[in-house]
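Positions 1 to 175 (full-length UniProt numbering) are the ones given, in order, by the sequence shown.
Inspection log for the structure reproduced underneath, given as C-alpha coordinates.
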Amino acid sequence: MPLVTLSLGSNIDRDHHLHVALTALADEFAPLTLSQVYETKPVGLTADPFYNLVVAFNTARLVGEVQQTCKQIEQHYARRPTRPPQGYTRALDLDLLTYGDLCGVHEGILLPRAEVLKHDFVLRPLAELFPHQRMPGRQESYAELWQTHAHPDQWMTPVNFHWPQSAETEALSHR
(Lines of atoms letter the chains of each structure in order from A and count residues from 1; the text may use other names and numbers.)
(Lines give C-alpha, C1' and ligand atoms only; values in the text may rest on other atoms or scores of the structure.)
Protein backbone atom coordinates (compact mmCIF):
# COMPACT_ATOMS: atom_id res chain seq x y z
CA MET A 1 0.00 0.00 0.00
CA PRO A 2 1.33 3.46 -0.84
CA LEU A 3 2.48 5.83 1.87
CA VAL A 4 0.44 9.03 1.80
CA THR A 5 1.51 12.31 3.39
CA LEU A 6 -0.76 15.25 4.16
CA SER A 7 -0.16 18.74 5.47
CA LEU A 8 -2.61 20.01 8.10
CA GLY A 9 -2.92 23.60 9.21
CA SER A 10 -5.23 25.88 11.14
CA ASN A 11 -5.16 29.45 12.43
CA ILE A 12 -8.65 29.55 13.96
CA ASP A 13 -9.20 27.64 17.21
CA ARG A 14 -6.09 25.71 16.22
CA ASP A 15 -6.08 22.95 18.86
CA HIS A 16 -9.74 22.14 18.28
CA HIS A 17 -9.53 22.02 14.50
CA LEU A 18 -6.40 19.86 14.47
CA HIS A 19 -7.98 17.47 16.98
CA VAL A 20 -11.18 17.02 14.97
CA ALA A 21 -9.26 16.67 11.71
CA LEU A 22 -6.91 14.05 13.15
CA THR A 23 -9.81 12.12 14.63
CA ALA A 24 -11.65 12.19 11.29
CA LEU A 25 -8.48 11.11 9.44
CA ALA A 26 -7.90 8.29 11.94
CA ASP A 27 -11.47 7.10 11.39
CA GLU A 28 -10.67 6.80 7.67
CA PHE A 29 -6.97 5.90 7.51
CA ALA A 30 -5.66 4.64 10.90
CA PRO A 31 -2.99 4.18 12.00
CA LEU A 32 -1.61 7.68 11.51
CA THR A 33 1.93 8.86 12.00
CA LEU A 34 2.21 12.49 13.11
CA SER A 35 5.05 14.94 12.92
CA GLN A 36 5.82 17.51 15.55
CA VAL A 37 3.25 20.33 15.49
CA TYR A 38 4.71 23.76 14.72
CA GLU A 39 3.41 27.24 15.23
CA THR A 40 4.22 29.18 12.08
CA LYS A 41 3.82 32.68 10.81
CA PRO A 42 1.99 32.89 7.49
CA VAL A 43 4.21 33.17 4.43
CA GLY A 44 3.37 36.22 2.33
CA LEU A 45 0.08 36.86 4.14
CA THR A 46 -1.30 38.99 6.93
CA ALA A 47 -2.89 36.55 9.33
CA ASP A 48 -2.75 35.01 12.77
CA PRO A 49 -0.13 32.27 13.30
CA PHE A 50 -0.93 28.74 12.21
CA TYR A 51 -0.43 25.34 13.75
CA ASN A 52 0.96 23.00 11.09
CA LEU A 53 1.96 19.35 10.97
CA VAL A 54 2.41 16.47 8.54
CA VAL A 55 0.38 13.26 8.82
CA ALA A 56 1.34 9.98 7.14
CA PHE A 57 -0.52 6.72 6.62
CA ASN A 58 -0.72 3.76 4.26
CA THR A 59 -3.88 3.15 2.26
CA ALA A 60 -5.24 1.02 -0.54
CA ARG A 61 -7.55 3.86 -1.62
CA LEU A 62 -6.85 5.58 -4.91
CA VAL A 63 -5.31 9.05 -4.95
CA GLY A 64 -8.59 10.70 -5.96
CA GLU A 65 -10.44 8.97 -3.13
CA VAL A 66 -7.86 10.18 -0.60
CA GLN A 67 -8.13 13.72 -1.97
CA GLN A 68 -11.94 13.62 -1.86
CA THR A 69 -11.96 12.37 1.75
CA CYS A 70 -9.53 15.12 2.77
CA LYS A 71 -11.63 17.82 1.12
CA GLN A 72 -14.80 16.48 2.76
CA ILE A 73 -13.15 16.62 6.19
CA GLU A 74 -11.79 20.08 5.46
CA GLN A 75 -15.19 21.39 4.36
CA HIS A 76 -17.07 19.75 7.21
CA TYR A 77 -14.92 21.31 9.93
CA ALA A 78 -14.04 24.59 8.24
CA ARG A 79 -16.99 26.46 9.70
CA ARG A 80 -17.23 30.10 8.79
CA PRO A 81 -16.99 32.51 11.72
CA THR A 82 -20.05 34.69 12.29
CA ARG A 83 -17.89 37.79 12.02
CA PRO A 84 -14.89 37.22 9.71
CA PRO A 85 -11.56 38.05 11.37
CA GLN A 86 -9.05 40.32 9.68
CA GLY A 87 -6.52 38.81 7.29
CA TYR A 88 -6.24 35.29 5.94
CA THR A 89 -7.93 32.61 8.03
CA ARG A 90 -8.22 28.88 7.77
CA ALA A 91 -10.16 26.86 10.28
CA LEU A 92 -8.70 23.78 8.61
CA ASP A 93 -6.44 23.26 5.62
CA LEU A 94 -5.69 19.69 4.49
CA ASP A 95 -3.36 19.23 1.53
CA LEU A 96 -2.27 15.99 -0.13
CA LEU A 97 1.53 16.20 -0.37
CA THR A 98 2.60 12.79 -1.68
CA TYR A 99 1.02 9.50 -2.63
CA GLY A 100 3.57 6.70 -2.78
CA ASP A 101 6.09 7.36 -5.54
CA LEU A 102 3.61 9.08 -7.86
CA CYS A 103 5.02 12.03 -9.76
CA GLY A 104 3.08 14.25 -12.13
CA VAL A 105 -0.66 14.76 -12.54
CA HIS A 106 -2.78 11.83 -11.34
CA GLU A 107 -6.57 12.03 -11.28
CA GLY A 108 -6.20 15.79 -11.72
CA ILE A 109 -3.84 16.15 -8.74
CA LEU A 110 -0.22 17.32 -9.10
CA LEU A 111 2.11 15.12 -7.04
CA PRO A 112 4.20 15.74 -5.12
CA ARG A 113 2.64 19.04 -4.10
CA ALA A 114 4.88 22.02 -4.98
CA GLU A 115 4.62 23.43 -1.44
CA VAL A 116 6.91 20.65 -0.17
CA LEU A 117 9.95 22.67 -1.24
CA LYS A 118 8.42 26.13 -0.75
CA HIS A 119 7.34 25.98 2.88
CA ASP A 120 9.42 24.93 5.87
CA PHE A 121 6.28 23.90 7.76
CA VAL A 122 5.92 21.12 5.16
CA LEU A 123 9.53 20.13 4.42
CA ARG A 124 10.87 20.15 8.00
CA PRO A 125 8.24 17.71 9.33
CA LEU A 126 8.79 15.43 6.31
CA ALA A 127 12.54 15.50 6.98
CA GLU A 128 11.95 14.63 10.63
CA LEU A 129 9.51 11.78 9.91
CA PHE A 130 11.28 10.32 6.85
CA PRO A 131 14.87 11.60 6.83
CA HIS A 132 16.24 8.90 4.51
CA GLN A 133 13.26 8.60 2.18
CA ARG A 134 13.56 10.22 -1.24
CA MET A 135 10.94 12.68 -2.34
CA PRO A 136 9.09 11.35 -5.41
CA GLY A 137 10.75 12.64 -8.57
CA ARG A 138 13.93 13.72 -6.72
CA GLN A 139 17.23 12.03 -5.99
CA GLU A 140 17.65 13.70 -2.59
CA SER A 141 16.19 12.48 0.67
CA TYR A 142 13.89 14.70 2.69
CA ALA A 143 16.75 15.37 5.13
CA GLU A 144 19.03 16.42 2.27
CA LEU A 145 16.30 18.63 0.83
CA TRP A 146 15.80 20.22 4.26
CA GLN A 147 19.52 21.06 4.36
CA THR A 148 19.46 22.70 0.92
CA HIS A 149 15.94 24.16 0.72
CA ALA A 150 15.25 25.51 4.22
CA HIS A 151 14.04 29.09 4.38
CA PRO A 152 15.57 30.83 7.42
CA ASP A 153 13.10 33.71 7.03
CA GLN A 154 10.13 31.36 7.63
CA TRP A 155 9.60 31.42 11.39
CA MET A 156 8.36 28.26 13.06
CA THR A 157 8.57 26.86 16.56
CA PRO A 158 7.54 23.49 18.04
CA VAL A 159 4.44 23.46 20.23
CA ASN A 160 3.23 20.97 22.79
CA PHE A 161 0.20 19.37 21.16
CA HIS A 162 -1.62 16.36 22.62
CA TRP A 163 -3.65 13.97 20.51
CA PRO A 164 -3.55 10.66 22.37
CA GLN A 165 -5.16 8.31 19.84
CA SER A 166 -2.39 5.72 20.13
CA ALA A 167 0.98 5.20 21.73
CA GLU A 168 2.67 5.68 18.34
CA THR A 169 1.03 8.98 17.48
CA GLU A 170 1.34 10.19 21.07
CA ALA A 171 5.09 9.56 21.06
CA LEU A 172 5.66 11.17 17.67
CA SER A 173 3.63 14.26 18.48
CA HIS A 174 5.75 15.00 21.57
CA ARG A 175 9.26 14.88 20.14
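Think of the CB as a built atom: it goes at the ideal place given N, C-alpha and C, for glycine as much as any other residue.
Asked: Leu-22 classed as buried or exposed, judged by whether at least 16 other C-beta atoms fall within 10 angstroms; Found: buried
Asked: Which of helix, strand or coil DSSP assigns to Pro-158; Found: strand
Asked: Bridge-paired residues (DSSP) for Tyr-51; Found: Ser-10, Glu-39
Asked: Backbone CA spacing between Thr-33 and Phe-57 [nearest angstrom]; Found: 6 Å
Asked: Check whether Met-156 and Asp-120 have beta carbons under 8 Å apart; Found: yes
Asked: Backbone CA spacing between Glu-144 and Leu-3 [nearest angstrom]; Found: 20 Å
Asked: Residue interval of the alpha helix (DSSP H) (run including Asp-120); Found: 120 to 129
Asked: Per-residue DSSP class, three states only, for Gly-104; Found: strand
Asked: Helix, strand or coil at Asp-153 according to DSSP, with G and I counted as helix; Found: coil
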